[in-house]
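For reference, the structure is listed below as C-alpha cells.
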Amino acid sequence: MRVEKLKRFFSFALALLLLAGCMEPVELAKMGIVVGMGIDKFQGGYLVTLQIVNPAGVTGSNPNILPVYSMHVGGQTLLQATNDLANLATQVLYYSHLKVVVIDEDIVKDDGIDDIIDFLMRHPETRPDVTVLITEDTTASDVLNVVTAVETIPMGKLDTLTNINRQRTGMIASLNLYEVMDRLHTDGTNLVLNMVSLRAEEEHLPHAEQDQKNEEHQKSVEEQEYKLWPSQEEDNGEIPEGAYTAENMEGLSNSEAKFTPGSEGPTKQNKEEITPPMDIKIENLAVFRDNKMVGKINSLEAQSYNLLLGSKKRYWGHVDIGDEYFASLLITDAKATTQCFLKEGKASIDLKVRGELLEGNYPINVENPHNLKELEEKFVKDIETKTGAFIKKTQEELKSDISDIGIAAYFSDYKEWEKVSANWSEIYPTLDIKINVEVDIYSTGEIKNYHNLR
Amino acid sequence: MGIFKDFKETLDEYHPIKENSTPLNYKLDDNLEEIKRTLGNVNDLLCRELKLKGAGGVKVAVLGIDGLINSDLAQHYIIHVMAVDLSMVEEDSLVKNQDAFDAIFNSRISMIDAKTSKLKEDLYRNLLNGHVIVLVDGVCSFMMFDCKGWQTRSIGEPDVESSLRGPKDCFVETIRFNTATLRRRLKDPRLRFDTHIIGRSSKTDVFVAYIEGLTNEKFVQIANQRLEELDVDGIQNTAQLMQYIEDQHHTIIPRLFETERPDMVVSGMLAGQVAIFVDGSPFVVLTPFFFTGIFSTMDDYYNHPLFASLKRVMRYICALIVILAPAFYVSVSTFHQEMIPTAFLIIMMNQRESNPFSTFFEMFLVYALFEIMREASLRKPNALGNAMSIVGSLIVGQSLVEAGLVSYAAIIIGSITTLTTYVLAHTRISEATRILTLVFMIIGGWLGFYGITVGFIVLIIHLCSLTTFGEPFMSSLAPMNLMDQVDQILRLPLRWMKQRPFAFDSHNRVRQNLQPKMEDDTNEG
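Residue numbers (the working numbering), protein chains in the order written: chain A, 859 to 1312; chain B, 58 to 582.
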C-alpha cells in the first residue's frame, strides 16, 4: 500500500515539474523593466502609459539621460494597447517589477474598475503586490511623467508614499492589487483607494495660454487614430530636447485636457531646484460603491476611516478646548469591534484608542489622574464627533459601506444577511449606527505640566 | 575479448623474470653469469667475490645494487666478517660448502633481517629491493640481508590536508616508514598487514592493513581479491590503485578516500575501515568510504562539537554553492528576472548593457578563466608566484570587466564559487564539484530552474545508486541509521559516540566503556 502511495505521489510530483512555466529565456540587456502603468480614458478604449527604467540613468553611469522614459498607446482593450506597446518598444517589456498602477478617475467614475483589475490579475507577469492609485484632477499619463527629486524612479516615490507613509500617518489607505480584488468582490464592504494629484508651485500652474494649447492638443488627438505613437508635438517648444531617450516621447498627449503639468514636470529641471516646481502628492481618497467611484473623502476623514477599521497605525487626535486652548494626541493603537443587528436596523462600533499626549497648551496638571480623565473625555467627544460625521457622510452622501459593517452583519446573522445583501447599498444608509469611543492616554511624555500652568 | 587476450599474451613475452622461478645452479660462476645476463650488465650492480680463508677457500659472492643498499652496513657486517676469519669449518669436510653457508648465515653475519631461499625469483626481487645477496659456491641456495639504505624524504608537515590542532606529521614515500608510523599510533597486536606485490615491472609493495576482529572481513576480502586480480605492468601512486580497485561506476563522485594524515588512518581503522598502503606514495587509501566522509576532517574531532558541527554544515552548504551558484546566476538572469530585487536588477542590467555575449557564455568565460588559473598556478614554477597573482587577479579580472566582456556580477559569482571550492576538505570532491558546476550551468542556461531542479533530483538518485566496496555510498543517510547520526552531518560530543558506525558493519561495535558510571556522567551532562 505504501509503495503504491509513494508511486502516486512521485508521478504527481513529476507532472508538476513538467507543468512548470518560465521556459523563455530573455537576456537582461534586452529587457525593459516596467515600473509604472497609467491607464487613461481614450475614445471608448484605454490609453496606456508605461514608465520604463533606463538602467544607465538610474545608476548614474550616463548622466545625460533620465532614469526613466515613458511611452503610450491607445487601444480598444488593455491587451491591445499593451500589445501595441510591445510592438513599438525596442526591448522586451517586463511587467514583473511593476510597482504602481495609476487609473484615471474618469474611468472608475464612468466604467468601473473591474475590467482593469481583471486584466492586471490575469496578466502572467504582474505580481499581486502592485499598488493601485486613482488620479485626481489630472491624467494618469501626467502623473507618470513627473520627475521626482529624491527617488530616481518617479514611481518609486508613489510606492513609498502609499506604503511607508501609511504606517506613519493613517491618512492613506494602501491597497495592493490582491487586496483591491478582495475588497471588490466581497459583499458588505467597499473599496477605498488613494488619489494621486499633482502639486505645482504657483507660477508653474497652467495659465490661460496653456489651456488654449490643451484645446489645440485635444483637436489633434481627436484627429488621430487609436495609436498615438509617435505623438509629435511640435508646438510644445518648452520641453527641451533630450528629456527622454526615446525621441518621440517629449509630447505628452492627454485624451481629455484637464490639468496639464507645467513645463518642468517631466524634465530634469524638476529635480534641480530645492523646491521642485512639480511634485506628486496623495491627498484625498476615492470611495467606491461596488465597481464605481462615487466620491472622495479627505485626509481627515481618512483618519476616521482607518480608525473605524481598527488598523493599528498611527493617527493624531486634536481637540480644541474653548477658543484658546488645544491638545493633541498621538494614537498608537486602535481597536474597533463592529456589530450589526439587521433585524433592529442597528449597528454599533466600539472603538478603543490608546495614545500619547504630545502637544497642547491646556493649563492643567497632567500628573493628576482626575485631570487626565477630563482630557480623555474631551478626546472621546472629539473622536465621536469626527467619526460620526464620517459615518453620516458615507450613509447620506456616498451611500457606500466602507467601514465593513456589512461584514459584521454577515457574521452576526448570515441568514438575514443573505436576504439583504443584494440591495445592501440601499439598506446601509438607513442603519442607525452608534459609535462608542474609549480613550486611554498611557503616556504624557517627559514633561509633566504645561508651561503656562496656573 | 579477443583483442585483450592477444594483448595479454604479448605482455607475457616481455617478462623474462617470470620464467626464473627455478632454483639456483650449484656453480657460483654460472649463477653470477646468469644474473649479470638477466640484469643486462647494469652499471649499478655491486659484485664482490671472496675466497673464505678458514673454510678451504670456498668461493663466495656478495651482490647488491648501488644506491639501494647501505654500503657502510654491507661492508662492516657482511664483507668484513667473511673476509677476516671463518676458521670453524673443517678442511676436509665433504659438505664444506654447505657448512660454510650455514656457519655464515647462522653465526657470523649479525643482520636482523636475514633469509635464505633457493628461487631465482626471490633473488631478483630482493636484490632490486635493497637486499644484499650472498651466494656460496656449491650451494644451490642463497642468503639475503635487508640492508636498505636509499635516500628518503624526511617526514614533514602534510601539504594537502593541513590541520590546526592535529599532529603535524604525514606519510612519506617509503612504505616501511608508513607502516611504522601506523604501528606507533596503533599498538594493537591484532593489527594485520596483508602483502601484495602489484605490477609486473614495478613490483610495488601494497599492504592491506586492518585490525583483526574489528574490521569486517568482507572488506578485507574484497580488497585482497581486487588486488590479486590486478595484473598491470606498474603503478606509481595510490591514486592509480584507487582507480583500479574502486567499484566500477560511470561517475565522477570519489568513492575511495586517500589521506596523508596518519591520525586520519588510525581513526578510520578504529571505525572499521581498511587501509591500503602503496609503496612510493605518501597517500593511504581508506575504504569503504561513504558520502558523509567527504565533508568531515580530522579537525572536526579536535574542535568543540558545536564548532565542528557548524563547520560541517558550512561545508555542505558550500558544496551546494559550488554546484549551484553559477547555474543560479545564469538561470535567474535569463529566465527568472522577477526573483531579483528591482534595485539590484537595474544595476545588473546597466552592467550588462555593453556586454555582447549571452549570460551563459559570460559565466562560462569566467569559469574557464578560473579553471585556467587554477591549472596554471599548479604547474607554474614557484619563482613565478607573484607574477601569476598580478596577471591573474589584476590584469585579467579588472580589464575583463572594463572591456565589457563580463559583468561584475559574473566575476563575483565566479570568484565565490572558486573560493568555496577550497572549503571542501577533500580535494577529490572539490574536483568533482567543479565538473558538476559546469553541468548545472549548462542545464541552468538551457532550461532555467526547471532544469536545475530536475538535474539535482537526478544527481541525488545517482548518488544513491553508487556503491563503495559493495556498500551503499550514501550509507547512514540512505539507508538511514539513527544511531550513526551522532557523526554524520553534525558532529556530536565524543562521549555520545559509544558505538562504531553501523555503516562499517564491525563485529565489535562497542567503542566506549559502557559502564553505568560513565552513562550517569553523560546523562548529567
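No residue lacks a Cβ here, since even glycine has one placed at the ideal position from N, Cα and C.
Practice item. May I ask you to report which of helix, strand or coil DSSP gives T316/B? Key: strand
Check your understanding: What are the boundary residues of the beta strand (DSSP E) that includes M201/B?
Key -> Taken as a continuous stretch (DSSP letters only), the beta strand (DSSP E) holding M201/B covers F199 to D203.
Practice item. Output the residue ranges of the beta strand (DSSP E) runs that lie fully inside the stretch 862 to 921 of chain A and measure 3 residues or longer, sorted by chain position. Key: DSSP runs (the beta strand (DSSP E)) wholly in the stretch 862 to 921 of chain A: 889 to 900 and 903 to 911.
**Study point:** Where the alpha helix (DSSP H) through V141/B begins and ends
**Key:** H137 to V141
**Study point:** Beta-bridge partners of Q556/B, as assigned by DSSP
**Key:** According to DSSP, Q556/B bridges with V567/B.
Practice item. Could you run through the stretch 403 to 416 of chain B and flag, in chain order, every residue whose CB is less than 7 Å away from some CB of chain A? Key: I403, I404, M405, M406, N407, R409, E410, N412, S415 and T416
Review point. Quick one, which of A400/B, M498/B and K437/B has its alpha-carbon nearest Y424/B's?
Key: M498/B
Check your understanding: Is there contact here, the stretch 1172 to 1179 of chain A with the stretch 1240 to 1247 of chain A, by at least three beta-carbon pairs under 8 Å?
Key -> yes
Practice item. Determine the closest residue to D976/A out of K1193/A, E1037/A and T907/A, with distance taken between C-alpha atoms. Key: E1037/A
Check your understanding: Which class does P1098/A belong to by DSSP, given the choice of helix, strand or coil?
Key -> Reliability fails at P1098/A, whose pLDDT of 36 lies under 50, so the model's placement of it is uncertain and the value that follows must be treated cautiously. Correct three-state label for P1098/A: coil.
Review point. Just curious, the alpha helix (DSSP H) that D1178/A is in, first and last residue?
Key: First-last for D1178/A: Y1173 to I1179, but that is the beta strand (DSSP E), not the alpha helix (DSSP H).
Check your understanding: Looking at chain A, which residues of the stretch 379 to 396 of chain B have a Cβ within less than 7 Å of any of its Cβ atoms?
Key -> S390, T391, F392, H393, Q394 and E395
Exercise for review: Starting from Q1197/A, trace the beta strand (DSSP E) both ways and give me its first and last residue.
Suggested key: Y1183 to F1199 is the span of the beta strand (DSSP E), which, as asked, contains Q1197/A.
Check your understanding: Can you give the Cα-Cα distance for R283/B and F314/B, rounded to whole angstroms?
Key -> 17 Å
Review point. Between T349/B and Q556/B, what straight-line distance do the alpha-carbon atoms span, to the nearest angstrom?
Key: 17 Å
**Study point:** Collapsed DSSP secondary structure at D87/B in the structure displayed
**Key:** Three-state result, D87/B: helix.
**Study point:** Spatial neighbours of I891/A in its chain, beta-carbon cut-off 6 Å, leaving aside the 5 residues before and after
**Key:** V911, Y952 and H955
Review point. Are any of the Cβ atoms in chain A nearer than 8 Å to that of T399/B?
Key: When Cβ-Cβ separations below 8 Å define contact, T399/B makes contact with chain A.
Review point. Can you tell me where the beta strand (DSSP E) with T399/B in it begins and where it stops?
Key: T399/B -> not in any beta strand (DSSP E); alpha helix (DSSP H) instead, spanning T399 to R409.
Exercise for review: Taking only beta-carbon positions, decide if T923/A is within less than 8 Å of chain B.
Suggested key: It should be noted that the sequence gives Ile, not Thr, for residue 923/A. No, its Cβ sits nowhere closer than 8 Å to a Cβ of chain B.
Check your understanding: Along chain B, in chain order, which residues have C-beta atoms closer than 8 Å to that of S919/A?
Key -> N407
**Study point:** Contained alpha helix (DSSP H) runs [length at least 4] in the stretch 1276 to 1308 of chain A, N- to C-terminal order
**Key:** 1282 to 1285
Review point. Going by other Cβ atoms of all chains shown within 10 Å of its Cβ, with 16 needed for buried, is G1275/A buried or exposed?
Key: Correcting the residue identity first, residue 1275/A is Trp in this sequence and not Gly. Buried is the call here.
Point to revise | Beta carbon proximity, M1013/A to chain B, threshold 8 Å | key: Taking Cβ atoms only, chain B never reaches closer than 8 Å to M1013/A, which makes this a no.
Practice item. Please list the residues of the stretch 1132 to 1146 of chain A that have a C-beta atom closer than 7 Å to any C-beta atom in chain B, keeping them in chain order. Key: none
Point to revise | Residues of the stretch 877 to 905 of chain A with Cβ closer than 8 Å to any Cβ of chain B, in chain order | key: Hits within the stretch, in order: A878, C880, M881, E882, P883, V884, E885, L886, A887, M889, I891 and V893.
Exercise for review: Leaving aside the five residues before and after T984/A along the sequence, list all residues of the same chain whose C-beta is less than 6 Å from its C-beta, in chain order.
Suggested key: Y953, L956 and L978
**Study point:** Pair within 8 Å by beta-carbon distance, S174/B and F202/B
**Key:** no
Point to revise | Cut-off 6 Å between Cβ atoms - residues of its own chain near T934/A, not counting five sequence neighbours on either side | key: For the sequence presented, residue 934/A should be read as Gln rather than Thr. Cβ neighbours of Q934/A beyond the five flanking positions: G903.
Review point. What residue does the alpha helix (DSSP H) around A376/B start on, and which one ends it?
Key: Its alpha helix (DSSP H) spans residues P362 to T391.
Review point. First and last residue of the beta strand (DSSP E) that includes E1141/A?
Key: M1136 to R1147
Check your understanding: According to DSSP, which residues form a beta bridge with H253/B?
Key -> In the DSSP output, where bridge partners are listed per residue, H253/B has V263/B.
Review point. For N235/B, which of helix, strand or coil comes out of DSSP?
Key: helix
Exercise for review: Under 7 Å between beta-carbons, which chain B residues line up against Y952/A? List them in chain order, please.
Suggested key: Q394
Check your understanding: Taking all protein chains shown into account, do 16 or more other C-beta atoms lie within 10 angstroms of the C-beta of P398/B, making it buried, or fewer, making it exposed?
Key -> P398/B comes out exposed.
Point to revise | D830/A versus V931/A - alpha carbon distance | key: Look at the range of chain A in this structure, 859 to 1312, and you will see that residue 830/A is not part of it.
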